[in-house]
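Numbering (the numbering used here), first residue to last: -6 to 175. The beta carbon of each residue, even a glycine, is placed where N, CA and C say it ideally should be.
Written out as structure tokens, the structure reads:
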């Protein structure tokens, strides 16, 4: 099963990071609006297990993503399964409701993506403006054993190269829910 390997950083100035990415030859992959609807499992507490289930919708397509429990906290590493849903996730959301899953919250964001090859490993960098939460940079790799440690090292190396220091371990969902609680 593929593992998602990721670090997320809170930033004040996405433009500075955009400039740093241009300076290292990052390839722009486009900008899109994303709407992530998260669901609670009817029989277990995802907050306790560290899992997540979401339907991500963009202007072109939707997909469902399951994220398994975190295997590493510093460079967030976890199993990930993502399946396409076509143009809309509405019917699948209805199916989840029939199975007892409850909607938790919707995270809205603008995401600008870049491809970077760091060393010999392909990485994706996302510049995110998340409604009600703030601005962030995510550096992500998808890897399988035995490449996981190499991918982690490349994620950390690229973060240093871009001058990213304000590591944010919480998910956008958790930050959104915490902002609504305060």
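Inset, instruction - Could you check if residue 82 is buried or exposed, using at least 16 other CB atoms within 10 Å of its CB as the buried criterion? - result: Counted from its first residue, the chain shown places residue 82 at position 89. That one is buried.
Inset, instruction - Say whether the segment 147 to 157 touches the segment 108 to 125, bearing in mind that this needs 3 or more beta-carbon pairs closer than 8 Å, one atom from each stretch. - result: Verdict: yes, contact present.
Inset, instruction - Throw me the rounded Cβ distance for the residue 118 and residue 132 pair, which I believe falls under 8 Å. - result: Locating residue 118 in the chain shown gives position 125, where the first residue counts as 1. Locating residue 132 in the chain shown gives position 139, where the first residue counts as 1. Sure, about 5 Å apart at Cβ, within 8 Å.
Legend entry - Reduced DSSP category for residue 50 - H, G, I as helix; E, B as strand; rest coil: Counted from its first residue, the chain shown places residue 50 at position 57. Residue 50 falls in the strand class under three-state DSSP.
Legend entry - Between the CA atoms of residue 156 and residue 121 - distance to the nearest angstrom: Taking the first residue of the chain shown as position 1, residue 121 is located at position 128. Taking the first residue of the chain shown as position 1, residue 156 is located at position 163. Rounded to whole angstroms, residue 121 and residue 156 show a C-alpha spacing of 17 Å.
Legend entry - Assigned secondary structure, residue 11 (DSSP; H/G/I helix, E/B strand, else coil): Position 18 of the chain shown, counted from the first residue, corresponds to residue 11. DSSP places residue 11 in the helix class (H, G or I) of the three-state scheme.
Inset, instruction - For the beta strand (DSSP E) containing residue 128, list its first residue and its last residue. - result: Locating residue 128 in the chain shown gives position 135, where the first residue counts as 1. It spans 127 to 136 - the beta strand (DSSP E) in which residue 128 sits, taken as one unbroken run.
Inset, instruction - Label residue 74 either buried or exposed according to how many other C-beta atoms from any shown protein chain fall within 10 Å of its C-beta, with 16 as the threshold for buried. - result: The count along the chain shown starts at 1 and reaches residue 74 at position 81. Counting of Cβ neighbours within 10 angstroms places residue 74 among the exposed residues, the total staying below 16.
Legend entry - Proximity to residue 35 [Cα-Cα], best of 98, 92, 107: Translated into positions along the chain shown, residue 35 becomes position 42. Measuring from the Cα of residue 35, the nearest candidate turns out to be 92.
Inset, instruction - Would you mind stating whether residue 49 and residue 29 have Cβ atoms separated by less than 7 Å? - result: Residue mapping note: residue 49 aligns to position 56 of the chain shown, counting from 1. Residue mapping note: residue 29 aligns to position 36 of the chain shown, counting from 1. Yes, the Cβ-Cβ distance between residue 49 and residue 29 is below 7 Å.
Inset, instruction - Using alpha carbons as the reference points, say which of 98, 78, 107, 105 lies closest to residue 216. - result: Here the chain comprises residues numbered -6 to 175, so residue 216 is not present and cannot be evaluated.
Legend entry - Alpha carbon of residue 44 to alpha carbon of residue 51, nearest angstrom: Counted from its first residue, the chain shown places residue 44 at position 51. Counted from its first residue, the chain shown places residue 51 at position 58. CA-to-CA, the gap between residue 44 and residue 51 works out to about 22 Å.
Inset, instruction - Measure from the alpha carbon of residue 39 to the alpha carbon of each residue in 167, 174, 172, 66, then state which is nearest. - result: If you number the chain shown from 1, residue 39 lands on position 46. Measuring from the Cα of residue 39, the nearest candidate turns out to be 167.
Legend entry - Closest residue to residue 165 among 47, 67, 100, 55 (Cα-Cα distance): Locating residue 165 in the chain shown gives position 172, where the first residue counts as 1. Nearest C-alpha to residue 165: 100.
Legend entry - Rounded straight-line distance, which links the Cα of residue 53 to that of residue 26: Against the chain shown, residue 26 aligns to sequence position 33. Against the chain shown, residue 53 aligns to sequence position 60. In this structure, the alpha-carbon of residue 26 lies about 10 Å from that of residue 53.
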